[in-house]
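Protein chains in written order, with this note's numbering: chain V, 5 to 139; chain R, 15 to 478. C-beta atoms are modelled at their ideal positions from N, C-alpha and C, and glycine is treated no differently. Quick notes on the structure that follows.
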């Protein structure tokens, strides 16, 4: 059994250690959050998005070269229809409650894209229905 | 719907779009492909509507109803001959929609999680301004292309001095404004950038002549894709990025194929000023003193009836005269008499890629009678009659022999190898390139002067 004096001394020492540990932990946590928020939002997605973009360009390249020249007109109208997927951005702009410039812009974009989506797919279908084999 | 679940559905939509393009590799799979495209779009829209960002629906429903109704009516009513201008008009809408979305993202960035007004992430600003600029260029460029195709603006190339200098200056200004916008985030700069882009799109397409429209339309198709991708980067939405990239590369490939079909570089086409838009009689020596053999519909009917094979070469003139149905009737009569009838399509015939194929398909010509240049060009040598209807430059042998000709090097259909060449034309006017066609004066050529549709109908009567 140690004497009370040395016990108090050791308890004090331990408390000090715990304090530094806590301090270090806070610092570490802060580092972790900054590491997670800053680069994850500002840098990593761009490289990731660029990767997706470049790969999609390659996919498009190989798929489109396989399209038969006879169907180049439907290709134009269907690509036109699917590029109206920009409506996704427009829906988010038109989505919030209340009225704002952004919402009006979103509404206009939704309408324009809808013309394209309906018009593009229908005219493509009309064209494709005409292509038929020798009877 | 959670973020990762949305991302998953966006992935499915992307795959649907790829399948839609994949289906177009043959007419048999193309219709299924289009259904994939529609499915992809429905998935994309529904997924977005279920996301937590969208809480107010009435404006959205109104927009989809109005837009959908307009689009449906237009698509059901449009004549197939008016397809090029329809596609141009649709491209302009994508461009304008991209501008609107960029403006919405700028004025209320919180919806898209790209920062708050006044301190939007720098990367997002770059992407936003690029998407907006490309969208605006697509918009005005397509409006001009639409005007030219619809005949509202002269199809002639409009050239004025200092044009290219102005375009280069505008391009430089654009880059400067983007840099300024990214550093200041000012609304006036945004508006200036929009104005400069609109002007550039307008000026870029103005000098390009009517028959170069296949390249222009493909190019604008490509731009609309890049604009969508730019917006996709701004919103960090991989579906938009993937679709934009698909459409962008598709348009770029089509532009390349069209340029190759004319043996001209894309730069040469964009610089414009080429061609005369037909109508003018070629000013060349010896027009008056050279003899052209002209014949009647009866002569043509007699020649073709006694042939064993006929290759039809359609051009823009057939589209203008709406002659495809009469032409198919004529072909049917000939086939009944045991004549082998086929069609040869030049890549740049008409005003958009694949224009002739669609018109022939509309007239119920089976697609296995229609051949591309490479597939059929050798067969002209063993064919009795080449029936050229509304085409000119794409048959001109000068492209193969005359080094000084503006169309030298352009791949042409070897109609001059056929035993007899019949030309259905309204007059002796030269084609778009303004080059005289040597073929008209050959001994084995017979000119059938008149409207393409009327001529076919008269031939049908003579065949009966």
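Who pairs with residue i in a beta bridge, going by DSSP?
i                      : result
residue 386 of chain R : R:359
residue 129 of chain R : R:134
residue 459 of chain R : R:435
residue 354 of chain R : R:323
Does residue i get closer than 8 Å to chain V when you measure Cβ to Cβ?
i                      : result
residue 366 of chain R : yes
residue 518 of chain R : Since the first and last residues shown for chain R are 15 and 478, residue 518 of chain R lies out of range.
residue 264 of chain R : yes
residue 235 of chain R : yes
residue 347 of chain R : no
residue 55 of chain R  : yes
residue 260 of chain R : yes
residue 23 of chain R  : no
residue 247 of chain R : yes
residue 34 of chain R  : yes
residue 251 of chain R : yes
residue 62 of chain R  : yes
residue 52 of chain R  : yes
residue 202 of chain R : no
residue 137 of chain R : yes
residue 479 of chain R : Since the first and last residues shown for chain R are 15 and 478, residue 479 of chain R lies out of range.
residue 9 of chain R   : Outside the modelled stretch of chain R, which goes from 15 to 478, sits residue 9 of chain R, for which no answer is possible.
residue 147 of chain R : no
residue 48 of chain R  : yes
Does the beta carbon of residue i come closer than 8 Å to any beta carbon on chain R?
i                      : result
residue 57 of chain V  : yes
residue 51 of chain V  : no
residue 76 of chain V  : yes
residue 12 of chain V  : no
residue 120 of chain V : yes
residue 24 of chain V  : no
residue 32 of chain V  : no
residue 8 of chain V   : no
residue 19 of chain V  : no
residue 29 of chain V  : no
residue 60 of chain V  : yes
Under three-state DSSP, which class holds residue i?
i                      : result
residue 397 of chain R : coil
residue 72 of chain V  : coil
residue 380 of chain R : coil
residue 323 of chain R : strand
residue 328 of chain R : strand
residue 403 of chain R : strand
residue 419 of chain R : coil
residue 42 of chain V  : Low per-residue confidence applies at residue 42 of chain V: pLDDT is 47, beneath 50, and the placement is therefore not dependable, though the value from the model is reported in the following sentence. Residue 42 of chain V: helix per DSSP, three-state reduction.
residue 308 of chain R : strand
residue 67 of chain R  : coil
residue 446 of chain R : coil
residue 124 of chain R : helix
residue 336 of chain R : coil
residue 441 of chain R : coil
residue 171 of chain R : coil
residue 278 of chain R : coil
residue 227 of chain R : helix
residue 472 of chain R : helix
residue 428 of chain R : coil
residue 135 of chain V : coil
residue 53 of chain V  : helix
residue 45 of chain R  : helix
Write down the C-beta distance between residue i and residue j rounded to the nearest angstrom, noting that I regard them as a contact closer than 8 Å.
i                      : j                      : result
residue 260 of chain R : residue 235 of chain R : About 11 Å separates the two Cβ atoms, so there is no contact after all.
residue 114 of chain R : residue 113 of chain V : 4 Å
residue 109 of chain R : residue 150 of chain R : 7 Å
residue 34 of chain R  : residue 48 of chain R  : 6 Å
residue 73 of chain V  : residue 386 of chain R : 5 Å
residue 265 of chain R : residue 218 of chain R : In fact, because the Cβ distance is near 15 Å, the residues do not count as touching under 8 Å.
residue 96 of chain V  : residue 121 of chain V : Not quite, the Cβ-Cβ distance comes to about 16 Å (not below 8 Å), so this is no contact.
residue 241 of chain R : residue 152 of chain R : 6 Å
residue 272 of chain R : residue 228 of chain R : 4 Å
residue 145 of chain R : residue 245 of chain R : 4 Å
residue 106 of chain V : residue 125 of chain R : 7 Å
Shorter than 8 Å from the beta carbon of residue i to some beta carbon of chain A?
i                      : result
residue 257 of chain R : Although the question refers to chain A, the structure presented lacks it and instead comprises the protein chains V and R.
May I ask you to check if the CB of residue i is nearer than 7 Å to at least one heavy atom of the ligand MN?
i                      : result
residue 111 of chain R : Absent from the structure shown: the ligand MN. Ligands present: none.
Members of the region 110 to 127 of chain R near chain V, C-beta cut-off 8 Å
110, 111, 112, 114, 115, 117, 118, 119, 121, 122, 125 and 126
Which residues, in order along the region 85 to 104 of chain V, keep a beta-carbon less than 7 Å from a beta-carbon of chain R?
85, 86, 87, 88, 89, 90, 91, 92, 93, 94, 95, 96, 97, 98, 99, 100, 101 and 104
According to a CB-to-CB cut-off of less than 9 Å, which residues of the region 68 to 93 of chain R neighbour chain V?
68, 69, 70, 71, 73, 74, 76, 77, 78, 79, 80, 81, 82, 83, 84, 85, 86, 87, 88, 89, 90 and 92
Residues of the region 370 to 390 of chain R with a CB closer than 8 Å to any CB of chain V: list them in chain order, please.
371, 372, 375, 376, 378, 380, 381, 382, 383, 384 and 386
Mind listing which residues of the region 416 to 438 of chain R have their C-beta closer than 9 Å to chain V's C-betas, in chain order?
none
In the region 122 to 134 of chain V, which residues sit with their C-beta less than 9 Å from some C-beta in chain R, listed in chain order?
122, 123, 124, 125, 126, 127, 128, 129, 130, 131, 132, 133 and 134
Quick one: which residues of the region 324 to 339 of chain R get their C-beta closer than 8 Å to a C-beta of chain V? List them in chain order.
none
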